[in-house]
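**Student:**
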Amino acid sequence: MATKEVLANPEYYLTETKNKFGDVIEETKVVGNQAVVYVKSSSVAKVARWAKEEMNFKQPIWLTAIDNKDNLELVYFFNHFGSPVIYTIRSFLDRDNPVVESLTSFWPAANWLEREMYDMFGIKFEGHPNLRRLYLPDDWEGYPLRKDYVPKEYPWKERVESYYDSNEYYKEHFKLADNEMLIHMGPQHPILHGTWKLMVRVRGDTIVEGWPEIGYIHRGTEKLAEGLRYEQIIPLTDRLCYVSSMSWHTLYTMTVEKLFGVEPPIRAQYIRTIVLEMQRIVSHIIWLIALAADIGTYHSLFLYGLREREKFLDLFEQICGARLTYTYSRIGGVAKDIPDGWIEKLKETLADLERHMPEYRDLMEGSELFHMRTRNVGTLSRETAIEAGARGPMLRASNVSYDVRKIDPYLLYGDVDFDIATAKDGDVYSRYLVRMGEVEESIRIIQQLIDKIPSGEYRKKVSPKKPVGEAFVRTEDPRGESAMFIVGRGTFNPYRLMIATPAYMNLSTIPYMLKNVPFADVAAIVASVDLCMGEIDK
Amino acid sequence: MTNPIRVIIRMLRPLKATGKYLVKKPFTVMYPYEKLKVADRFRGVLYYEIEKCIGCGLCVRACPNKTLELVAPPENPDLDITNPKERIKARIAFDLGHCLYCNLCVEACPKSCLHPSHEYEVMSLDRFDLVMAPEEFARRKKLSMEERVSRLLDSQYLLGASLGGHYEEEINSITSEYREVKKKMIKNEISYDEYSAKRKELLQKAINIIKRYNEEVHK
Amino acid sequence: MTQSDTKVVKPDENEEVYVVKDAPILLTTVRTILRKGFGWLFNWARSHSPWLLYLGIKCCAIEIPMAAGAPRFDMERWGVFPPSSPRQADVMVVNGPITKKYAQVIKALYDQMPEPKYIVAVGECAIIGGPFKKSYNIISGVDKVIPVDIYIPGCPPRPEAYLNALNQLKKLVKRGRL
Amino acid sequence: MSWFDDMISSSWEFIVSIILTVFHVLNIPDWLLDPVLILTKVIILLLLFSLDLLMIVWYERKLIGRFHNRRSVTETGKFGLLQNIADFVKLMIKEDIIPKKADKFLHNLVPALFMFLAMVPLVVIPFGPNLWAANIETSLIFVVAMLSMTPGLILLGGWAGNNKFSAIGAFRSGLQMVAYELPMAIAAMSVVLLTNSLNLVTISTAQQRIWFIALQPIGFLIFLVTSVMALERMPFDLPEAEAEIVAGWKTEFGSLKFGLFMGAEYVHVFVVLSLTTILFLGGWYGPPVIGPLLPPVVWFLIKVHLLFIFYVWVRLSYPRPRLDQLLRIGWRWLFPLALLNLIVTALLHPYLVALI
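One line per chain: the protein sequences are A, B, C and D, in this order.
Sequential numbering of the first sequence, starting at 4, is according to this note's numbering.
Sequential numbering of the second sequence, starting at 2, is according to this note's numbering.
Sequential numbering of the third sequence, starting at 20, is according to this note's numbering.
Sequential numbering of the fourth sequence, starting at 249, is according to this note's numbering.
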């Protein structure tokens with residue numbers, strides 16, 4: 004109906020909403036490619052449903068809230084697979100009794116988002132299936148992200164002594180049939196790749212129902228960030244996801260640069276793009292070896308992959324000095340320039356990787372047992388993938404070709420030609436194909452960028468500012484579409500820092516995949532989701 | 002199902018992939034005997050050149066995790082760091098347990114007297130070994146635990162926080178009490194030897210607390 | 020951590036306290052003779068096979084058990100054989116921040132490990148809670164929950180730092196000091 | 249080659265003479281002589297075998313290291329040779345925890361029983377021309393029977409651990425036994441068809457001119473795959489699948505008991521490998537041309553260890569199937585193949601016997 008250019012222009016959506024919901028809309032404005040709509044709190048669900056059906060906005064990127072002194076401001080971001088426009092619904096709720104209608108009835112992806120907002124701000128969502136605290140234990144008092152929150156003493160010492168069993172909650176809630184068993188695959192378990200708990204209801208050897216419990220390393224990064232200055236938060240966001248920390252602190256510095264209105268020099272943008280793509284390769288290698296270790300090649304591919312990763316870590320060490328937590332990019336550019344001889348080493352390592360890739364493919368796809376373990380296991384059809392809010396490789400494996408680097412190009416992805424790796428039937432095997440394809444694409448991107456790096460300064464000196472305003476930047480993290488939203492209110496530290504993590508949404512799709520599935524498939528399904536608990540628990 | 006013969010032939014490929022490594026040289030670096038050369042930008046434990054330092058405290062402000070703190074210099078332990086004119090002579094104490102190796106302080110220092118060394122093999126049985134007084138931080142002298150506590154007695158934050166918040170209130174009360182006594186001595190409301198007697202008594206209390214921490218919690 | 024015979028163990032389902040009955044006299048005498056005579060052999064054996072139970076909490080989990088076990092820094096050279104259950108482990112590597120929800124899990128794992136056990140706190144998060152020290156949900160330091168034997172600072176420390184610690188642990192245990 | 253035989257026989261006479269003198273001195277009744285002789289044979293066998301056991305455990309770890317492109321176990325002893333002794337002694341002196349609700353009697357009994365049942369078939373296996381502890385007419389049935397006892401024990405072990413995961417692991421081992429037991433027996437039967445005798449000694453002597461692998465290639469492949477299932481080694485190690493259920497049925501066993509389980513596993517491996525060499529790879533006979541260079545026992549051990557290297561290689565290259573897929577492999581592929589193989593050997597029986 005509307006052509007591509009019209010769809011790409013936020014004005015079109017604002018005019019449509021105005022003449023559809025004239026009375027309910029308080030104010031509309033365009034910020035960058037965001038179409039921002041201020042709505043009364045009672046009709047948020049109505050506008051969201053209309054945006055989903057008519058304007059076909061596909062998924063909620065994130066839901067957050069800002070604690071202004073007199074009211075709580077709810078902010079919803081929705082993304083559109085066809086156009087770079089982000090549709091933002093904002094509404095004001097009063098602080099003492101914030102109640103709003105839940106979107107889970109027509110958008111199941113919003114389920115966990117609303118639970119997080121209930122946990123952090125105490126916003127009650129009517130009609131939400133199980134509105135329970137997500138990160139913090141159930142009997143925690145107070146809502147941490149509110150400005151007037153004073154942490155009360157949580158009795159963890161008594162809990163430790165009395166071996167407090169947290170599954171009283173499940174005993175009365177889930178009536179177990181006689182031939183069923185409730186298994187906690189507890190926080191310390193080899194296949195979980197991190198500290199979260201997978202509660203599984205098992206009848207014989209097949210799983211009836213499975214749901215994750217998270218929050219075991221929730222450390223309140225957003226609350227801590229409100230106490231630190233802008234350049235001090237870089238090490239904090241650097242430790243969000245421990246496998247792809249480069250992509251997170253680069254996203255943070257890009258958001259702050261947008262807030263300060265600073266443009267990093269062109270050489271810094273080149274270096275950042277190259278380093279981001281290297282981080283994507285390392286992250287996908289770690290995913291591949293984790294899957295191989297879980298379905299059982301006795302760590303042989305696990306250790307070959309780690310040897311491959313050591314070569315990349317040497318490169319990272321030469322450029323920024325650390326192996327895992329890089330804190331490499333600064334506000335206004337990059338901390339240090341490329342050492343000489345680094346480009347040749349990078350070419351060597353990429354050539355080495357290209358020589359070893361077919362060997363890893365042999366080890367995995369060669370054996371018939373791999374196909375037996377991964378073909379049509381944990382399948383997410385195209386509709387359920389979009390409905391459940393899957394992100395990145397999980398989405399592209401279910402035949403959806405959506406990539407932020409193509410739709411809304413940032414840094415240098417606009418003038419680099421690469422194509423999106425997708426696969427058809429959304430099972431563990433197609434996720435394997437998507438990620439292996441993405442590694443090849445990343446190698447292509449780096450090879451295009453290497454010989455075109457311009458000379459010039461790599462960093463622009465930026466004096467600390469006291470910005471007033473907001474900035475929203477989204478990028479393509481190895482796990483999916485990640486975004487950050489900073490609100491500055493004229494002080495040296497940010498008033499509110501929102502972190503949108505793709506692995507959080509991917510983890511919330513696990514209940515859709517664990518419906519009457521043999522017990523041994525849990526390992527393959529959990530490994531295919533590529534979880535990074537540091538980023539999920541924030 | 003693809004025909005079985007092709008499946009069996011394809012099944013041999015993983016064997017080839019793993020078998021190749023039987024003849025290759027292992028990738029291991031025999032750690033204690035041959036050490037890996039570290040990149041020259043590697044951010045190891047910090048190194049502090051004490052003579053270039055002007056006591057401006059910019060690095061203390063830049064650190065996100067409060068690992069550095071201005072403390073009386075080695076040559077004059079009774080210096081009063083509260084008033085700005087004397088602070089020029091104060092030097093930096095450092096807790097290796099807090100440091101994040103992010104090197105924001107290295108960039109913040111105008112005189113560039115803080116820079117990362119290539120040392121990474123640090124291991125300690127005793128939590129309090131990781132706290133360094135200025136001369137230890139500059140690799141000048143190895144202090145025992147008692148001397149280190151006496152050097153750090155007038156730190157506002159570092160001594161208490163370095164024990165992971167176990168006896169933070171008691172140690173902070175000791176250090177604040179010591180600072181009042183020092184202020185009185187500077188304004189010479191009390192005599193020097195009365196001040197040093199009080200200092201010795203407070204020092205002994207702090208050492209007992211740290212000893213208790215080592216016995217009860219750590220071992 | 021000497022091997023004590025009478026020991027009060029916290030109950031599993033808080034029924035009556037579970038006291039390990041005193042071993043019969045014959046067994047204790049045999050044990051002391053063995054310890055006197057073959058003490059050096061026991062220490063040598065215990066120092067050369069530190070079986071590792073790693074928890075994999077956060078970033079140090081990628082460096083210490085994974086990268087340290089990788090082909091480049093092979094920790095199995097010291098005889099480390101990572102079993103997957105705490106019952107067969109000697110060394111527990113704690114490598115991440117401990118939240119208030121996770122504290123009881125750490126304590127439960129600590130209690131399940133058999134007696135001559137060593138706890139290694141790896142990284143700043145395990146020593147004092149790392150960059151998240153001031154957060155409302157983090158316990159600053161593992162030694163608030165379980166006693167710690169070895170601290171390895173670093174954020175994250177290099178795998179060689181853990182290998183160096185393994186070497187020191189081997190020497191200390193061989194001389195029976197730890 | 250002959251110096252080896254008379255060395256063995258002279259040492260055996262020497263031992264028998266000692267026993268006789270002891271009998272005369274303490275004038276013990278004569279009917280006790282035979283059991284005591286067999287007992288000494290068994291004890292000597294187990295002593296020699298435990299040396300071999302230590303070597304197997306050591307070089308499996310080094311081999312896995314080399315396959316992973318890393319050097320493993322170099323710090324204890326010269327090339328990590330003393331590593332197994334260190335592990336075993338450490339396991340002996342560790343504190344043993346029995347969970348409160350677990351079945352104490354079973355928790356103590358199962359490891360010892362497991363090691364005993366793994367060691368028993370060793371008695372019957374002929375290592376050399378007259379190098380065996382006992383020569384029973386139906387020794388093949390005896391060994392296969394002992395092998396099929398272990399899943400029952402694993403069920404007891406899983407039950408004794410009083411832990412959900414170990415229970416699941418134990419049930420899986422029971423199911424896995426159903427998958428491999430029948431094809432394995434039928435593959436062995438096709439060999440018995442050729443030599444029409446169940447005695448392992450006659451089977452191995454029958455392979456003097458031609459090994460049965462030449463006559464029974466499919467039988468050898470089936471026996472190889474099912475023996476991997478019988479040993480519960482990767483890629484068919486579902487009962488103690490590291491990933492899904494923590495350490496399978498072994499999670500609750502502490503120090504020495506875990507050591508016994510590890511030791512018993514390797515004894516189990518040696519028994520099944522020697523059964524394969526006797527049935528298909530010609531017992532103690534060396535290859536045709538260079539046969540007489542080494543004594544027969546050494547040929548037997550070389551073949552066993554070469555097979556073991558192949559097992560370790562397989563262990564590192566293949567992922568683990570699901571339980572229902574494992575049963576499908578067992579019943580849909582291996583069982584009909586084994587039957588087909590049996591029928592073919594029955595049809596071609598006169599020609600094959602002529603070849604022996």
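All C-beta atoms in this analysis are idealised placements derived from N, C-alpha and C, irrespective of residue type, glycine included.
These numbers were taken from a predicted model, which means no experiment stands behind them.
(1) Would you check if the segment 95–114 of chain A and the segment 14–23 of chain A touch, i.e. whether three or more CB-CB distances between them fall below 8 Å?
(2) Looking at the structure shown, is T31 of chain A part of a helix, part of a strand, or coil, going by DSSP?
(3) For V391 of chain D, count neighbouring Cβ atoms within 10 angstroms of its own Cβ and tell me buried if that reaches 16, exposed if not.
(4) Tell me the rounded alpha-carbon separation between L291 of chain A and E179 of chain C.
(5) Determine the direct distance from the alpha carbon of G299 of chain A to that of S286 of chain A, and round the result to whole angstroms.
(6) So what's I221 of chain B in DSSP terms, helix, strand or just coil?
(7) Using beta-carbon positions only, say whether E129 of chain A and E104 of chain A come within less than 7 Å of one another.
(8) Start and end of the alpha helix (DSSP H) containing N479 of chain A?
(9) In this structure, how does DSSP classify G336 of chain A when only helix, strand and coil are distinguished?
(10) Beta carbon of A293 of chain A, beta carbon of H196 of chain A: below 7 Å?
(11) May I ask you to report which of helix, strand or coil DSSP gives V265 of chain A?
(12) According to DSSP, D70 of chain A sits in a beta bridge with which residue or residues?
(13) Taking the beta strand (DSSP E) that A184 of chain C falls in, what are its first and last residues?
(14) For the segment 515–531 of chain D and the segment 546–556 of chain D, state whether three or more C-beta atom pairs, one from each stretch, are separated by less than 8 Å.
(15) Please tell me whether, using a cut-off of 6 Å, the distance from the CB of D97 of chain A to the nearest non-hydrogen atom of the ligand ATP is below it.
(16) For V24 of chain B, count neighbouring Cβ atoms within 10 angstroms of its own Cβ and tell me buried if that reaches 16, exposed if not.
(17) Can you find a CB in chain B that lies within less than 7 Å of the CB of A527 of chain A?
(18) From R52 of chain A to G148 of chain C, what does the alpha carbon distance come to, in whole angstroms?
(19) Does the distance from the C-beta atom of L316 of chain A to that of R326 of chain A stay below 7 Å?
(20) Would you mind sorting Y193 of chain B into buried or exposed? The rule is 16 or more other CB atoms within 10 Å of its CB.
(21) Is there a Cβ of chain D sitting closer than 7 Å to that of D93 of chain C, yes or no?
(22) Any chance you could list the alpha helix (DSSP H) runs of at least 4 consecutive residues sitting entirely within the segment 122–166 of chain A, in chain order?
(23) Does E35 of chain B get closer than 7 Å to chain C when you measure Cβ to Cβ?
(24) Measuring straight from C-alpha to C-alpha, what distance separates I9 of chain B and N589 of chain D?
(25) Quick one, which of A:M516, A:I346 and A:K469 has its alpha-carbon nearest R232 of chain A's?
(26) What separation, rounded to the nearest whole angstrom, lies between the Cα atoms of M536 of chain A and A506 of chain A?
(27) Among the residues of its own chain, which have a CB less than 8 Å from the CB of V545 of chain D, if the five just before and after it don't count?
(28) Rounded to the nearest angstrom, what separates K153 of chain C and D181 of chain A at their Cα positions?
(29) Rounding to the nearest angstrom, what Cα-Cα distance links Y37 of chain C and Y121 of chain C in this structure?
(30) Using a 10 Å radius around the Cβ and a threshold of 16 neighbouring Cβ atoms, would you call G344 of chain A buried or exposed?
(31) Helix, strand or coil for S401 of chain A, going by three-state DSSP, please let me know.
(32) Going along chain C in order, which residues have a C-beta closer than 7 Å to the C-beta of Q191 of chain A?
(33) Would you mind telling me which residues of chain A sit closer than 9 Å to M482 of chain D, beta carbon to beta carbon, in chain order?
(34) Name, please, each residue of chain B whose Cβ falls closer than 7 Å to the Cβ of S248 of chain A.
(35) From which residue to which residue does the alpha helix (DSSP H) around W260 of chain D run?
(36) To the nearest angstrom, how far is the alpha carbon of P154 of chain A from that of H221 of chain A?
**Tutor:** Let's see:
(1) Cβ pair count under 8 Å is below three, so no.
(2) Correct three-state label for T31 of chain A: strand.
(3) Taking all protein chains shown into account, V391 of chain D has 16 or more neighbouring C-beta atoms within 10 Å of its C-beta and is therefore buried.
(4) Approximately 25 Å between the Cα atoms of the pair.
(5) Using only the alpha carbons, I get a separation of about 20 Å.
(6) For residue 221 of chain B there is no data in the structure shown, the boundaries of chain B being 2 and 220.
(7) A contact, by the Cβ cut-off of 7 Å.
(8) For clarity, residue 479 of chain A is Glu in the given sequence; the question names Asn instead. Per DSSP, E479 of chain A lies in no alpha helix (DSSP H); the unbroken beta strand (DSSP E) holding it starts and ends at V471 to D480.
(9) Strand at G336 of chain A.
(10) Cβ distance < 7 Å, so A293 of chain A and H196 of chain A count as in contact.
(11) Three-state DSSP puts V265 of chain A in coil, outside helix and strand.
(12) DSSP, once it has assigned bridges, lists A:L75 as partnering D70 of chain A.
(13) Here A184 of chain C belongs to no beta strand (DSSP E); instead the alpha helix (DSSP H) covers P178 to K193.
(14) Three or more Cβ pairs closer than 8 Å define a contact, and the segment 515–531 of chain D meets that threshold against the segment 546–556 of chain D.
(15) With respect to small molecules bound, the structure shown includes none, and the ligand ATP cannot be examined in it.
(16) Burial state of V24 of chain B is exposed, judged by a 10 Å Cβ sphere holding fewer than 16 other Cβ atoms.
(17) A527 of chain A does not count as touching chain B.
(18) As the crow flies, the alpha-carbon of R52 of chain A is around 43 Å from that of G148 of chain C.
(19) Closer than 7 Å, so yes.
(20) For Y193 of chain B, the number of other beta carbons within 10 angstroms of its own is below 16, and it is reported as exposed.
(21) For D93 of chain C, the nearest CB of chain D lies under 7 Å from its own CB, placing it at the interface with that chain.
(22) Within the segment 122–166 of chain A, complete alpha helix (DSSP H) segments of at least 4 residues are found at 159–164, given in chain order.
(23) Taking Cβ atoms only, chain C never reaches closer than 7 Å to E35 of chain B, which makes this a no.
(24) Rounded to whole angstroms, I9 of chain B to N589 of chain D spans 18 Å at the Cα level.
(25) Here the closest residue by C-alpha is A:K469.
(26) For M536 of chain A and A506 of chain A, the distance between alpha carbons rounds to 8 Å.
(27) Closer than 8 Å at Cβ, skipping near neighbours: F252, F375, G376, L379 and W532.
(28) Just so you know, the alpha carbons of K153 of chain C and D181 of chain A end up roughly 47 Å apart.
(29) Because Y37 of chain C sits at a pLDDT of 44, beneath the cut-off of 50, its placement in the model cannot be relied upon, and the following sentence gives the value as read from the coordinates. In a straight line, the C-alpha of Y37 of chain C is about 25 Å away from that of Y121 of chain C.
(30) That one is exposed.
(31) In this structure, S401 of chain A counts as coil in the three-state DSSP scheme.
(32) What Q191 of chain A touches in chain C, judged by beta-carbon distance under 7 Å, is L74, V124 and L128, going in chain order.
(33) Listed along chain A, the residues sitting closer than 9 Å to M482 of chain D by beta-carbon distance are G299, T300 and Y301.
(34) Against chain B, the beta carbon of S248 of chain A has no neighbour under 7 Å; the closest one sits roughly 12 Å away.
(35) Where W260 of chain D is concerned, the enclosing alpha helix (DSSP H) stretches over S250 to L274.
(36) Cα to Cα, P154 of chain A sits roughly 15 Å from H221 of chain A.
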